[in-house]
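Student: My questions all concern the structure below.
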DNA sequence: CCAATACTGAAGTCGTAACTTCACTATTGG
DNA sequence: CCAATAGTGAAGTTACGACTTCAGTATTGG
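Chains as they are written, first to last, in the numbering used here: chain W, 313 to 414; chain S, 313 to 414.
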């Protein structure tokens with residue numbers, strides 16, 4: 313579970329769609345697969361990747377696997393983002409000052 | 313310039329390295345290429361992708377191209393992230409309430 | 001002026017990752 | 001009990017993307 317795997321996971325449009333769908337609440341694998349025209353196997357594989365990088369958690373009850381959003385992966389992403397912004401924000405602010413000079 | 317292209321761009325470790333390097337200030341293509349052991353052409357191609365998705369802007373002065381971070385792409389990413397979080401935060405909060413029940 | 005520098009377009013190679021099919025296990029409703 | 005449902009491993013195909021080489025264009029220092 314690292315930022316590299318998070319970005320790799322979200323770099324794929326199908327996996328991003330899965331994550332976005334899970335935003336509306338927990339779903340089974342079949343239910344997630346239904347609107348996408350790919351096989352259930354493919355969806356299962358995507359979910360394993362999303363799980364490995366900490367964006368999704370799942371739990372099996374009976375024969376159905378229930379999938380939900382895992383905040384951990386998003387925290388990782390948020391930390392990376394705010395760190396990057398912290399690197400150049402001060403510099404850009406100064407640039408703004410310079411540009412604002414009359 | 314959309315969130316799909318931003319995630320695709322940052323899904324690649326080399327491009328992420330470029331972005332992170334640019335955090336310390338504007339750099340030329342050659343300077344960015346130096347620590348990476350890939351050709352200058354490859355770096356140039358990566359920068360075109362980073363530019364297209366709004367993570368980097370460049371300007372050519374003479375024969376050197378100067379690259380710097382472009383906040384626009386990061387804003388796009390931040391918006392996506394906070395939107396996703398807004399989708400499930402309330403739900404997870406309630407889940408927290410339930411888990412907090414004695 | 002010209003050799004060196006800085007970069008970029010085009011075209012091709014190669015590895016990986018997304019997807020499929022098939023076979024299989026486990027669970028459940030009737 | 002058994003057919004249907006839900007999902008997953010294994011193995012193979014294929015498309016795409018990262019990278020290279022090569023050739024070419026500007027620009028600049030000496």
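Quick reminder that beta carbons are idealized off the backbone N, C-alpha and C, glycines included.
Is residue 327(W) near the ligand MN, judged by its Cβ being under 6 Å from some heavy atom?
Tutor: You won't find the ligand MN in this model; it holds no ligand whatsoever.
Student: For the alpha helix (DSSP H) holding residue 356(W), just list the boundary residues, first then last.
Tutor: Element bounds for residue 356(W): 352-364.
Student: Give, in chain order, every residue of the segment 326-341 of chain W whose Cβ lies closer than 8 Å to some Cβ of chain S.
Tutor: Listed by position, the residues of the segment 326-341 of chain W near chain S (Cβ gap below 8 Å) are 328, 331, 332, 334, 335, 336, 337.
Student: Closer than 9 Å between beta carbons: that is the criterion. Which residues of the segment 352-377 of chain S meet it against chain W?
Tutor: Cβ contacts with chain W come from no residue of the segment 352-377 of chain S.
Student: Should the segment 347-367 of chain W be regarded as contacting the segment 318-330 of chain W, the criterion being three or more beta carbon pairs within less than 8 Å?
Tutor: Cβ pair count under 8 Å is three or more, so yes.
Student: From which residue to which residue does the beta strand (DSSP E) around residue 377(W) run?
Tutor: Note, residue 377(W): beta strand (DSSP E), 376-381.
Student: When the Cα atoms are used, what is the spatial distance from residue 396(S) to residue 370(S)?
Tutor: Those two C-alpha atoms are separated by around 31 Å.
Student: Are any of the Cβ atoms in chain S nearer than 7 Å to that of residue 393(W)?
Tutor: Chain S contact via Cβ: present.
Student: Going straight from the alpha carbon of residue 376(W) to that of residue 349(W), what length do you get?
Tutor: Roughly 20 Å separates the two Cα atoms.
Student: Apart from the five residues on each side of it in sequence, which residues of its chain come closer than 6 Å, Cβ to Cβ, to residue 410(S)?
Tutor: At residue 410(S), the pLDDT of 46 sits below 50, so the modelled position is not reliable; the number obtained from the coordinates is stated separately. Here the set comprises nothing.
Student: Can you pull the chain S residues whose beta carbon is under 7 Å from the beta carbon of residue 403(W), in chain order?
Tutor: Ordered by position in chain S, the residues that pass the 7 Å Cβ test against residue 403(W) are 337.
Student: By the three-class DSSP mapping on this structure, what secondary structure does residue 336(S) have?
Tutor: Residue state, collapsed to three classes: coil.
Student: Would you decide whether residue 382(S) is buried or exposed? Buried here means 16 or more other CB atoms lie within 10 Å of its CB.
Tutor: Residue 382(S) is buried by the Cβ-count criterion.
Student: Could you list the residues in the segment 314-325 of chain W with a C-beta less than 7 Å from some C-beta on chain S, going in chain order?
Tutor: Residues 316, 319, 320, 322, 323, 325.
Student: Determine, using beta carbons only, whether residue 276(W) and residue 347(S) come nearer to each other than 7 Å.
Tutor: In the structure displayed, chain W extends from 313 to 414; residue 276(W) sits before or after that span and is not available.
Student: Have a look at the DSSP bridge pairing and note the partners of residue 342(W).
Tutor: None, per the DSSP bridge assignment.
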